[in-house]
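I have placed the structure first, in the form of structure tokens, so that the comments after it can refer back to it.
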Amino acid sequence: MGYQNSFKVFLCLSVIFLFSMKIMVLEKYFEKINFTAFSIHTTKPIRKGAHYWFSQTNKHANKNITLPNCTLPPDLGPYNIQLNVPLDNEFKNERMSFGGHNKPENCIALQKIAIVIPFRNRESHLKIWLHNMHPFLQKQQADYGIYVIEQHGNLPFNRAKLLNIGYKEALKEYDYNCFIFSDVDIIPMDQRNLYRCSTNPKHMAHALDKFNFRLLYATLFGGVVAFTKEQFLKVNGFSNLFWGWGGEDDDLYKRVITAGMQIERMNNIISKTKAIPHKRDPGNEDNPKSEPLLEKAARRMYTDGLNSLNYTFIRVMKHRLYTKVLVDIGKPENIEQ
Numbered sequence: 288m289g290y291q292n293s294f295k296v297f298l299c300l301s302v303i304f305l306f307s308m309k310i311m312v313l314e315k316y317f318e319k320i321n322f323t324a325f326s327i328h329t330t331k332p333i334r335k336g337a338h339y340w341f342s343q344t345n346k347h348a349n350k351n352i353t354l355p356n357c358t359l360p361p362d363l364g365p366y367n368i369q370l371n372v373p374l375d376n377e378f379k380n381e382r383m384s385f386g387g388h389n390k391p392e393n394c395i396a397l398q399k400i401a402i403v404i405p406f407r408n409r410e411s412h413l414k415i416w417l418h419n420m421h422p423f424l425q426k427q428q429a430d431y432g433i434y435v436i437e438q439h440g441n442l443p444f445n446r447a448k449l450l451n452i453g454y455k456e457a458l459k460e461y462d463y464n465c466f467i468f469s470d471v472d473i474i475p476m477d478q479r480n481l482y483r484c485s486t487n488p489k490h491m492a493h494a495l496d497k498f499n500f501r502l503l504y505a506t507l508f509g510g511v512v513a514f515t516k517e518q519f520l521k522v523n524g525f526s527n528l529f530w531g532w533g534g535e536d537d538d539l540y541k542r543v544i545t546a547g548m549q550i551e552r553m554n555n556i557i558s559k560t561k562a563i564p565h566k567r568d569p570g571n572e573d574n575p576k577s578e579p580l581l582e583k584a585a586r587r588m589y590t591d592g593l594n595s596l597n598y599t600f601i602r603v604m605k606h607r608l609y610t611k612v613l614v615d616i617g618k619p620e621n622i623e624q
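Just so you know, our numbering puts 485 at position 198 of the sequence shown, and the rest follows in order with no gaps.
Put into structure tokens, the structure is as follows:
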């Protein structure tokens, strides 16, 4: 009987010893995993719906570190724009996620900014814009993503509808709370022109060089504009009905005023902006219907916009410096297939 009891005690102690060793091995294993996950700055693709998007891991090994809110650098000022950019040149930045998303490394930005560009057949301008804008935005400590929304086919260009689509598509990837809608040929000339949203919709390109750095007319609201998510929903986005050149920015101005908001502009020095010279694009002729549409802008805004948007998603292409979304936006009612 004594032998059996001794054997049972030995067996229990052996089990306890083996269990303790297993726990120690597991602890070492998870310590190694934790160190790897939080000490290497990586990007990894995550499947989400029809899109791939990218998340950045925390660079700090200590998960208890709380990063401070970002502040603006004190040396913001006039910005040296480079127009002679080789077409094969790409701005290099290891911190940027593939797809054109970048966030500050050592602080937390208060706004998450989607920059949406309507696009068709403007590759040379896009190269120049990207080359200049990534350093500009990173200097401002911005958490931002670049979305180029390309219209498929050769029907008249619909800038406003593409911008609505960009708003929708960007939100599928990240919880953006600020949206900056920009033409591909407009670049700010001063780093104090903050690419941020404000308490009112913001006009960021009213002092263009081609207009001698003056506001062309009081209700101008085009080129580059910024809306918070709430502000953009309040005006129901852009109209979807402006095919061809002109009218959609004036329609947007009327929506802002009708919704009880005002247009915010910085002074003409800070807002100096460069417009890259170019000829009018084929397929972007004057819109003969813009004036009749503008006459009914206020009453139409609640039924024409984000809540009436329809399009066919074709594909998303993740480039190093931006995300391009190719879409079929349909056709004007008076154009046959």
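Glycine included, each C-beta is placed from N, C-alpha and C at the ideal position.
Residue environment, Gly387, which counts as buried when at least 16 other CB atoms sit within 10 Å: buried
Gln478: first and last residue of the uninterrupted alpha helix (DSSP H) it sits in: Segment: none, Gln478 is in no alpha helix (DSSP H) and carries neither H nor E.
Buried/exposed call for Arg409, threshold 16 Cβ in 10 Å: buried
Expected contact under 8 Å - CB spacing of Leu613 and Arg602 to nearest Å: 5 Å
Supposed close pair Tyr617, Tyr598 - CB separation, criterion 8 Å: Before going further, note that residue 617 is Gly rather than Tyr in the sequence given. About 7 Å separates the two Cβ atoms, so the contact holds.
Buried or exposed by the 16-neighbour rule on C-beta atoms within 10 Å, applied to Gly509: buried
6 Å CB neighbourhood of Leu495 in its chain, flanking five on each side removed: Thr560, Ala562
Distance between Gly533 and Tyr609 (C-alpha atoms, nearest Å): 27 Å
Inter-residue Cα distance where the pair is Phe600 and Asp362: 42 Å
CA-to-CA distance, Asp537 to Tyr504, given in whole angstroms: 11 Å
Residue burial classification, Met604 (beta-carbon count within 10 angstroms, cutoff 16): exposed
First and last residue of the uninterrupted beta strand (DSSP E) at Thr560: 559-562
Nearest-angstrom beta carbon gap, Val522 and His490 [assumed within contact, 8 Å]: Not really, about 14 Å apart at Cβ, beyond 8 Å.
Stretch-stretch touch, CB-based, cutoff 8 Å, three pairs: the stretch 416-423 with the stretch 447-465: no
Anticipated Cβ contact below 8 Å, His493 with Ser558, distance rounded: 6 Å
Residue nearest to Ala447 in terms of C-alpha spacing, selected from Glu620, Lys611, Asp591: Asp591
Straight-line gap, Lys611 to Pro373 (C-alpha atoms, nearest Å): 20 Å
Own chain residues within Cβ distance below 7 Å of Trp629, not counting five before or after: Because the chain here runs from 288 to 624, residue 629 falls outside it and cannot be looked at.
Asp615 versus Ile352 - alpha carbon distance: 46 Å
Reduced DSSP secondary structure (H/G/I, E/B, other) of Met420: helix
Other residues of its chain near Pro365: CB distance less than 7 Å, five sequence neighbours each side excluded: Met476, Asp477
Run of the alpha helix (DSSP H) containing Tyr454, from where it starts to where it stops: 446-458
Which residues DSSP lists as bridging Gly432, in chain order: His388, Ala401
Which of helix, strand or coil DSSP assigns to Thr579: The identity of residue 579 in the sequence shown is Pro, whereas the question assumes Thr. Reduced to three states, the DSSP call for Pro579 is helix.
Touching by the beta-carbon criterion (3+ pairs, under 8 Å), the stretch 389-396 and the stretch 461-480: no
Beta strand (DSSP E) segment containing Thr545, residue limits: No beta strand (DSSP E) holds Thr545; the alpha helix (DSSP H) holding it covers 535-545.
Cut-off 7 Å between Cβ atoms - residues of its own chain near Ala546, not counting five sequence neighbours on either side: Lys521, Val522
Candidates Leu449, Ala429, Leu528, of which the one nearest Leu581 by Cα: Leu528
N-terminal and C-terminal residue of the alpha helix (DSSP H) that Lys611 is part of: Where Lys611 is concerned, there is no enclosing alpha helix (DSSP H), although the beta strand (DSSP E) it sits in stretches over 610-615.
Option nearest Pro391 by Cα separation, candidates Ile433, Gly432, Cys357: Cys357
Reference Pro422; option with closest CA among Ile404, Val403, Arg382, Glu437: Arg382
Gln369 classed as buried or exposed, judged by whether at least 16 other C-beta atoms fall within 10 angstroms: exposed
Bridge partners - Arg602, DSSP secondary structure assignment: Leu613
Leu539 and Phe525 closer than 8 Å at C-beta: yes
Nonlocal neighbours in the same chain, by C-beta distance under 6 Å from Ile404, ignoring five residues either side: Val435, Ser469, Val471
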